[in-house]
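A short write-up of the structure that comes next.
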Amino acid sequence: MTIVMQLEFTVEEEYNNFRLDHFLNSKTGDEISRTSIQKWIKSGNIVKLEVNESLKPNYKVSTGESFLLTIPPRPKFSLEPIDMKIPIIFEDKDLIVIDKPQGIASHGGPEDYRPSLVNGLLYHFKELSNVNNEERPGIVHRLDKQTSGLMLIAKNDFTHIALSKQFQERTIQKIYYAWLVQAPNEREGIIEAAIQRHPKERLKMQVNPKGRKAITVYEIKRTISSRKGRLFSLAEIQIKTGRTHQIRVHFQYKNCPIVGDKLYSRSASEFEKFGLMLFSHKIGFIHPRTREKMQFVLPFPERFEKFEKEAIFY
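Those letters in the sequence shown? Residues 231 to 544, per the working numbering, in order.
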């Protein structure tokens, strides 16, 4: 069997007596579904190191135990058009601006077997760019699976290349909002910290001077103190670079992870009903063909309003 990826996990004290599938789901965040994890446990793709025994999803893990997950090869990407709800904010003959729903990956990957945004785009649009390759038609940039909000889609290669150049030259304005657990020491500032893939937990990124340059600008708009003595803060964020998980990694680095972030926040399970509290609020760019300045803004999603009302109880 060809191996796509192997991941090793050691049980920390806080996960003692967790079900094996729940533990692994906590460690892999939203990158891998719990259903896939359960399937892989049953098929023997997850083993306990140094011990030869069969495992079940409800096996109770103990502090210090280590497990090796072997992710099997994914079947060839399915480019079958699938009817899914994709809110369209703007469309012309060159590009589309959508409100990407939470919980849908921008495109397929080896760790996710579920339909992606690409499948929905192929259902709704006959013409999409093909610059990236046949597996990512129309995708100029991506949002993490659990991040919702504004996203640009190219209908042709001319538009795709022109928009990609604007991203590379950092002339596209992107503003996000996120609810944070705690708040940075400074109410506004710039986080300039290089990012690279974590050497052991390969689904995660981390701050490392040897990584790629990453710049995040933020301003804390308001804070909420809960009855349990916790602090939550709403951050307006601009990213000057587009590294994988950049916003999530930078705020974890500042000791104020995004609410509901399964990969980078230890308290994520408390906020599971809200999901990752990050969304793409505003995007501004120059239309590749008309040269018109374009700007789109979304209102806060319902889950943000709900969290703000309920944060006081956490």
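Heads up, the beta-carbon is just placed ideally off N, CA and C, and yes, glycines get one too.
Check                                                                                                                              : Outcome
Where the alpha helix (DSSP H) through glycine 350 begins and ends                                                                 : 347-354
Arginine 452, DSSP secondary structure in three states                                                                             : strand
Residues that serine 378 bridges to, as DSSP identifies them                                                                       : Phe509
Closest Cα partner of valine 281 within the set Glu310, Lys458 and Leu298                                                          : Leu298
Isoleucine 233 burial status per 10 Å Cβ neighbour count (16 or more: buried)                                                      : Any reading at isoleucine 233 must be qualified, since the residue scores a pLDDT of 49, below 50, and its modelled position is unreliable; no value is offered.
Stretch-stretch touch, CB-based, cutoff 8 Å, three pairs: the region 408-426 with the region 459-476                               : yes
Rounded Cβ spacing between serine 256 and glycine 379 (contact assumed at less than 8 Å)                                           : About 25 Å; that fails the 8 Å criterion.
Cβ pair count under 8 Å reaching 3, the region 490-505 against the region 345-365                                                  : no
Valine 370 in three-state terms, based on DSSP                                                                                     : coil
Lysine 356, buried or exposed, once every other Cβ within 10 Å from all chains shown has been counted against 16                   : exposed
Cut-off 6 Å between Cβ atoms - residues of its own chain near methionine 231, not counting five sequence neighbours on either side : Because the pLDDT at methionine 231 is just 44, under 50, the model does not fix this residue reliably, and the value given afterwards should be weighed accordingly. Nothing meets the Cβ criterion.
Same chain only: Cβ atoms within 6 Å of histidine 475, ignoring 5 sequence neighbours per side                                     : Met435
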